[in-house]
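Counting with my numbering, you get residues 5 to 290 for the letters of the sequence shown. Structure first, commentary second.
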Amino acid sequence: PVLPGDTIADNGDYASPPRSSRSHSFVGVDYPLDTVVDADPQLADRTILLQSAALFDVVEQSVQIDGDTLTFAVTVDNNQLGHKLPTGFAFARQMWVAVRVVDGAGNVLFQSGIIDSNVTDLCDTETMADAMAQFVVGCDTADPQLVNFQQKLIDDVEPLREQDGTFTLDPYGNTIGIAADDAFETPLQHLTGGAVARVRPSDNQLLARISPDDDARTFLYNVPFDPGAAVGDITIEGQLLFRNLPPYFLRALAAGQPADELPQIAPLIDNLQITEMNADSVTFSP
């Protein structure tokens, strides 16, 4: 019975009328590393979200052979999401291009951004030359043609300035941060620090995040190539991949974690996932 002062909204004795319902879940790219192996109810939605975020293309018209060099280009574009890509904690989001050039016999002629497991690190030149290099696993040499949109968290940022000393502003009127002298990459945010874009060593291209109103970003690859040694047709395989946390970043955090703190980060690194956001390929006869 409804007692004096009660309302139907306050009383749980009444069944709600039949009505249609919709999910109000808000899916993001993160997941609990400690439970994801046993239960991952948002995996399908998370994959759909990531696969809808970007456009990717191996540009067939860009493929050229000039003497002993094979040249080709890939493009990456924001799929009009309303956010920069990657968004959120962009220094902890690895969105990168993996490319492999193979001949008709399956011989790998070139690769960049290819890793052999979910916990192998990208061989990013800037990280391998910085204080975080001690936590990088799976890299003997740096990958100068790597396209890695992960921003770099550093301990000391200063504003980019014009020649007259005024601040350089982005299209939205914000200052642009650059690394101060002697700044280093860090897994912990500093009051003086922030995230800055990496630079691709092979062509000095700035790997800034892609805004919704940006044009597609184009990245050129130059590959040593011997037509006489290749077997059959040549295939350029490209993928746009995503990992929500870099393994080396978690190893650095784990190294500073108290032994009695739970959960321990180190055993959870193996639970990282890599998602293919998009893929494309081109096959041609040399």
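Every residue, glycine too, gets a C-beta built ideally from N, C-alpha and C.
Counted as a single uninterrupted DSSP element, the alpha helix (DSSP H) harbouring D49 occupies residues 47–55. With contacts defined by Cβ atoms closer than 8 Å, N82 and D284 do not form a contacting pair. Contact between the segment 105–114 and the segment 169–176 is absent: fewer than three C-beta pairs spanning the two stretches fall below 8 Å. The C-beta distance from I158 to A137 rounds to 14 Å, too long to fall under 8 Å, and the pair is not in contact. Taking a cut-off of 8 Å for Cβ pairs, the segment 188–206 and the segment 38–47 do not touch, as fewer than three such pairs fall below it.
In this structure, F139 is the residue among F139, V101, G92, V62 with its C-alpha nearest to the C-alpha of R255. Uninterrupted beta strand (DSSP E) stretches at least 3 residues long and entirely within the segment 193–217 occur at 198–200, 202–204, 209–211, given in chain order.
In this structure the segment 121–128 does not lie against the segment 70–80, because fewer than three pairs of beta carbons, one per stretch, are closer than 8 Å. Between V151 and W100, the CB-CB gap stays under 8 Å. The C-beta distance from L164 to I182 rounds to 5 Å, short enough to fall under 8 Å. Taking all protein chains in view, the Cβ of E189 is crowded by 16 or more other Cβ atoms within 10 Å, so the residue is classified as buried. Within the same chain, and ignoring the five residues on either side of D237 in sequence, the residues whose Cβ sits closer than 6 Å to its Cβ are G108, T287, S289.
Considering only M132, P191, A259, the residue with the shortest C-alpha distance to P205 is M132.
Non-local C-beta neighbours of N282 in its own chain, meaning closer than 8 Å and more than five positions away in sequence, comprise Q55, A58, L59, F60, Q243, L244, ordered along the chain. The C-beta separation of S116 from D147 comes to about 5 Å, placing the pair in contact by the 8 Å criterion. Between R221 and K88, the alpha-carbon positions lie close to 13 Å from each other. CA-CA distance, S121 to S20, rounds to 50 Å.
Judged by DSSP secondary structure, F253 falls within the alpha helix (DSSP H) whose first and last residues are 251–259.
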